[in-house]
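Peer 1:
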Amino acid sequence: GNKPFKDIAEGLTKKGIAVLRYDKRTYTHANKYADPDVANDVTIFNEVIDDARYAVDFIKTQPNIDATKIYILGHSLGGNQAPRIAEGRNDIAGLIIMGGNVTPIQDLMLYQYEYLYSLEADLDEATDALYKEQIQIVSEAVDAINSSELTLETDPSVTLGIPAKYWMDLRDYDPTEIAIELDIPILVLQGGRDYQVPVIEFEKWKSNLLSKADYRLYESLNHLFMYGEGTPGPGEYMNQSNVSEEMINDVAQWVLYN
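Residues in the sequence shown are numbered from 1237 upward in steps of one, following the numbering used here.
(1) In terms of residues, what are the limits of the alpha helix (DSSP H) holding L1346?
(2) Would you mind sorting A1362 into buried or exposed? The rule is 16 or more other CB atoms within 10 Å of its CB.
(3) State the start and end residues of the unbroken beta strand (DSSP E) segment that holds I1422.
(4) Quick one: using the 10 Å Cβ neighbour count with 16 as the cut-off for buried, is T1467 buried or exposed?
(5) For a test of the three-state rule: what should DSSP assign to D1430, helix, strand or coil?
(6) Decide if E1417 is buried, meaning its Cβ has at least 16 other Cβ atoms within 10 Å, or exposed.
(7) How many angstroms separate the CA atom of G1252 from the CA atom of I1420?
(8) Between which two residues does the alpha helix (DSSP H) containing G1495 stretch?
(9) Between which two residues does the alpha helix (DSSP H) holding G1315 run?
(10) Would a C-beta distance cut-off of 9 Å place V1479 and I1333 closer than the cut-off?
(11) Pull up the CB-CB distance for A1245 and R1261, whole angstroms please, since I reckon it's below 8 Å.
(12) I'd like to confirm the pairing. Which residues does DSSP put opposite V1479 in its beta bridges?
(13) Taking the alpha carbon of R1407 as the point to measure from, which residue in E1481, V1338, Y1349 has its own alpha carbon closest?
(14) From S1384 to T1390, what distance separates their C-alpha atoms?
(15) The alpha helix (DSSP H) with D1286 in it runs from where to where?
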């Protein structure tokens, strides 16, 4: 399969930029998180933010690392949360946000389901009904997540099996509000063929951060920052590919310049 993070790490390393790459704890310890009691305690902090902060603490102690030049690169949800990782710290030199969403993730999920349905032509009646039912389930869950009546006691079965605590944290968060207060350079990258985090999200970063950040849009790249053609869809992720060298070069130049 494709390994975009490996491509990025190796590509930047070749440019003289050290990279610390690690798995999310919910991935590494998937068996542990399969326990409902553990899963119910998952927050965006213990899923994403805490480990990124620990990673910064760790990398600063390593020999041959310039502790004044530590950058956070986050993709998708990681890009969305990157401003939070840097918030309140003075040891992060900049943020690189790749295909990061501004719109809350639950609203994007509904968009993704509707987009994938729009790709399907000539569905038989049963499959079409199944698709519509799935969209209806997601739509109702999104309404519940966005409702003022959502509480910590709301049953996870109403919110796509994910505890309300997790959603409440994501729902009330706008990454651009934190990003604009950060006194560090920011680079926002977007694939023009990204159907998971579409270009309108890139436009939101731009309209909210203005000259506070630098921006790069790659018309022919998808959510994994790999080349594709035709109508974007999940099938192309099956094609063996590599992350765009142009994008890696841009990131390397930006890091070395800032």
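Every residue gets a Cβ at the ideal spot worked out from N, C-alpha and C, and that includes glycine.
Peer 2: In terms of the structure at hand:
(1) The residue given as residue 1346 occupies position 110 in the sequence shown. Here the alpha helix (DSSP H) through L1346 covers 1341 to 1355.
(2) For the purposes of this step, residue 1362 is taken as the residue at position 126 of the sequence shown. Exposed is the call here.
(3) Numbered from its first residue, the sequence shown carries residue 1422 at position 186. Run containing I1422: 1422 to 1427, per the beta strand (DSSP E) assignment.
(4) One-based indexing of the sequence shown puts residue 1467 at position 231. Residue environment: T1467 is assigned as exposed (fewer than 16 neighbouring CB atoms within 10 Å of its CB, all protein chains considered).
(5) Counted from its first residue, the sequence shown places residue 1430 at position 194. Three-state DSSP puts D1430 in coil, outside helix and strand.
(6) Sequence index remark: in the sequence shown, residue 1417 carries index 181 (1-based). Under this definition E1417 is an exposed residue.
(7) The count along the sequence shown starts at 1 and reaches residue 1252 at position 16. The count along the sequence shown starts at 1 and reaches residue 1420 at position 184. Approximately 21 Å between the Cα atoms of the pair.
(8) In the structure displayed, the chain extends from 1237 to 1494; residue 1495 sits before or after that span and is not available.
(9) Along the sequence shown, one-based indexing puts residue 1315 at 79. First-last of the alpha helix (DSSP H) with G1315: 1313 to 1322.
(10) By 1-based counting over the sequence shown, the position of residue 1479 is 243. By 1-based counting over the sequence shown, the position of residue 1333 is 97. No, the Cβ-Cβ distance between V1479 and I1333 is not below 9 Å.
(11) Taking the first residue of the sequence shown as 1, we reach residue 1245 at position 9. Taking the first residue of the sequence shown as 1, we reach residue 1261 at position 25. Their Cβ separation, rounded to whole angstroms, is 19 Å, which puts A1245 and R1261 out of contact at 8 Å.
(12) Against the sequence shown, residue 1479 aligns to sequence position 243. Bridge partners of V1479: M1462.
(13) Position 171 of the sequence shown, counted from the start, is the residue given in the question as residue 1407. Comparing C-alpha distances from R1407 to each of E1481, V1338, Y1349 shows the shortest one belongs to V1338.
(14) By 1-based counting over the sequence shown, the position of residue 1384 is 148. By 1-based counting over the sequence shown, the position of residue 1390 is 154. Looking at the backbone, the Cα of S1384 and that of T1390 are separated by about 12 Å.
(15) Within the sequence shown, the letter at position 50 stands for residue 1286. Per DSSP, the continuous alpha helix (DSSP H) segment holding D1286 begins and ends at 1286 to 1295.
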